[in-house]
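Chemist:
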Amino acid sequence: IYSFMNNAHLHIIGSKSFPILLNELDLNYTITSDINSKDNHKDLTIRIIFPEKLKLLEVKKYFNVNVPTIFLLNNRDFLSKNNLSLLEFHVSLFTPIEILSFREILNILLTKYNFFKKSKIIINGYEIDSNQRIIIKDGIKTKLTEKELELILALNQNKGLGKSFLIHNVWKRSSDLESH
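With my numbering as the guide, the letters of the sequence shown map in order to residues 10 to 189.
#1: Within the continuous beta strand (DSSP E) that includes Leu81, where are the two ends?
#2: Please list the terminal residues of the continuous beta strand (DSSP E) segment that includes Lys152.
#3: Roughly how many angstroms separate the alpha carbons of Asn140 and Asn178, rounded to a whole number?
#4: Identify every residue that forms a DSSP beta bridge with His238.
#5: Rounded to the nearest angstrom, how far is the Cβ of Glu61 from that of Phe27, given a contact under 8 Å?
#6: Taking the continuous beta strand (DSSP E) assigned at Lys129, which residues delimit it?
#7: Straight-line CA distance for Asn83 to Ser101?
#8: Can the beta-carbon of Leu63 be found closer than 9 Å to that of Asn123?
#9: With a cut-off of 8 Å on the beta carbons, I'd call Leu93 and Asn75 a contact; round off their distance for me.
#10: Cβ of Phe103 within 9 Å of Cβ of Leu118?
#11: Can you tell me where the alpha helix (DSSP H) with Leu160 in it begins and where it stops?
#12: Looking at C-alpha atoms only, which residue of Gln166, Ser89 and Arg182 is the closest neighbour of Ser173?
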């Protein structure tokens, strides 16, 4: 059930003992804990951060990047006291945690992020989210209809399309029909 998770890399920041605990549990992840190392592994990286053990300036930089991140907290007021808001792929957990629940949360976070990642397409500087049917250019978002999205994707995948191909594959109509 967790086979796709074996490609995940856990990057733990702010705790020396948590990586040791995870290694002892043999969860089949690559685990690093150096605060200065970059998250440039070929595997999907999930950051696990103990923000209360870091300087606030250091913590804030992790709240600005929407990558899979778990913030493990002792103080339930830490986020609100420091005006920190979680992004879409951020999760906050309060210690102590049950390790099996933690494993399930990792699974959910990875699944959600992988689904999101597969829906993002870049075409000539335009970012298209096929799940939400939006197109973004220079920070401006525009909602797409289902047909507009299908047409953009068909044109991108198949250069030089004919009318019959578009009618059949985008509009799902017989190419024998007359159209104006």
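For each residue, glycine too, the CB sits at the ideal point set by N, CA and C.
Everything numeric in this text was worked out from a predicted model, so none of it was measured.
Modeler: Here's the rundown:
#1: Sequence index remark: in the sequence shown, residue 81 carries index 72 (1-based). That run of the beta strand (DSSP E) goes Thr78 to Leu82.
#2: Here the question's residue 152 lines up with position 143 in the sequence shown. Run containing Lys152: Ile149 to Lys152, per the beta strand (DSSP E) assignment.
#3: On the sequence shown, residue 140 is found 131 positions in, with the first residue counted as 1. On the sequence shown, residue 178 is found 169 positions in, with the first residue counted as 1. Spanning the two alpha carbons is a distance of roughly 19 Å.
#4: Since the first and last residues shown for the chain are 10 and 189, residue 238 lies out of range.
#5: The residue you call residue 61 lines up with position 52 of the sequence shown. The residue you call residue 27 lines up with position 18 of the sequence shown. Rounded, the Cβ-Cβ distance is 13 Å, inconsistent with contact.
#6: If you number the sequence shown from 1, residue 129 lands on position 120. From DSSP, the beta strand (DSSP E) with Lys129 extends over Lys129 to Ile132.
#7: For the purposes of this step, residue 83 is taken as the residue at position 74 of the sequence shown. For the purposes of this step, residue 101 is taken as the residue at position 92 of the sequence shown. Straight-line Cα distance between these residues: approximately 10 Å.
#8: Along the sequence shown, read from residue 1 onward, the residue named residue 63 stands at position 54. Along the sequence shown, read from residue 1 onward, the residue named residue 123 stands at position 114. Result no, Cβ atoms of Leu63 and Asn123 do not sit closer than 9 Å.
#9: Taking the first residue of the sequence shown as 1, we reach residue 93 at position 84. Taking the first residue of the sequence shown as 1, we reach residue 75 at position 66. Contact doesn't hold; Cβ gap of about 14 Å is too wide.
#10: Locating residue 103 in the sequence shown gives position 94, counting from the first residue. Locating residue 118 in the sequence shown gives position 109, counting from the first residue. Not a contact, by the Cβ cut-off of 9 Å.
#11: To locate residue 160, count along the sequence shown from 1; it is residue 151. Leu160 -> alpha helix (DSSP H) spans Glu155 to Gln166.
#12: The residue you call residue 173 lines up with position 164 of the sequence shown. Nearest option by C-alpha distance: Arg182.
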